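Chemist:
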Amino acid sequence: MSWIDYAQSLLDKSWLGTLLGIAGIVFGVLTYLWTRKRTSLAYVHLGEHLLGSASDALPQQIVVQYNGISIPRLTKSIVILWNNGENTVNGEDIVAKDPLRFHVGDDGQILSILILKSSRAVNDFSFLSTPSAKANEEVFTFNFLDANDGVVVEILHTSTDRKPRIKGTLKGLPQGFRNLGQFIRPKPQKSKPGKLQPLGSILLPIGVALTGFLTAVYGPRPWFLANSDTGLLVYSFLGVVVGMWLNNRFWTRRKYPKSLHTEALE
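First residue of the sequence shown? That's 1190 in this note's numbering, and the numbers climb one at a time after it.
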């Protein structure tokens, strides 16, 4: 058989057209992701009540003071903010009449705020003390943020709300910071020599799917796949398993840049 006849025989197969179509869609999506240019700032948060709770303050028998002032509860919130786009965001674009600021619940006040980690010192991320600042807000600024530049901020406050927000206005970014919700604490990373578990967890489902596809096309099919009824059940079950795996990978992924990870987040 000549190569022309062989190529013609491949083109006659219906699965090849489907495979080329899927490959074209994947290539188009990847090309879009690689070439897109967005201006976007995002943040995720995590909070917990160290003393007291959301519904009740500390008992009267317990007195906790901060700088000589009694507080009803102590809440710790962690905020990770970063440049989630591809375009550089400049600090000079912050609107002076509506500065960027961290905001906790209206029923509390910020006791302390500090930077746990910064992607780069040249970003010059800092807090500003302004006379008009509210007790439950802290104004901040920065020089610039390139793609994936950001900071990890820890806020100690007395609010019942554990979910801080970022307010303020930036020129060219009317939607402001995107709240991507609460992040899941990543498990402590224990490196074991000779084992590539994260890579294996990604490649294993892909290998299983590829093996199943090649077997369905070239190899002999088992009797339970040859039968239309049982075959439909098997394929449905595999689809549910793959869907659950993809859903788990999506919701447990690290939403913030790897450069901002610190042991304090584990």
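Glycine residues also receive a C-beta, built at the ideal position from the N, C-alpha and C atoms. Fair warning: this is a prediction, and the values are worked out from it, not measured in the lab.
Compute the Euclidean distance between the alpha carbons of L1263 and G1361, then round it to the nearest angstrom.
Modeler: 37 angstroms
Chemist: Please name the residue in L1230, L1317, N1337, K1444 whose C-alpha comes closest to that of R1309.
Modeler: Checked all of L1230, L1317, N1337, K1444; the closest Cα to R1309 is N1337.
Chemist: Going by beta carbon distance, what residues of the same chain come within less than 6 angstroms of F1329, once the five residues before and after it are set aside?
Modeler: L1289, F1316
Chemist: DSSP puts F1316 in a beta bridge; with which residues?
Modeler: Answer is F1329.
Chemist: For the beta strand (DSSP E) containing H1234, name the first residue and the last one.
Modeler: 1230-1240
Chemist: Could you check the C-alpha separation between Y1445 and V1340 for me, to the nearest Å?
Modeler: 10 angstroms
Chemist: Among L1305, V1429, D1350, whose alpha-carbon lies nearest the alpha-carbon of A1453?
Modeler: L1305
Chemist: Does T1264 come out as helix, strand or coil in the three-state DSSP assignment?
Modeler: Reduced to three states, the DSSP call for T1264 is strand.
Chemist: Taking a contact to mean a Cβ-Cβ separation below 8 angstroms, would you say N1332 touches D1313 in this structure?
Modeler: yes
Chemist: Nearest-angstrom Cα distance between Y1255 and I1302?
Modeler: 14 angstroms
Chemist: Of all the options I1299, Q1250, N1272, F1216, which has the alpha carbon lying nearest to the alpha carbon of K1447?
Modeler: Selection I1299, Q1250, N1272, F1216 evaluated against K1447 yields N1272 as nearest (Cα-Cα).
Chemist: Measuring straight from C-alpha to C-alpha, what distance separates F1291 and Q1249?
Modeler: 30 angstroms
Chemist: Which residues share a DSSP beta bridge with Q1254?
Modeler: S1259
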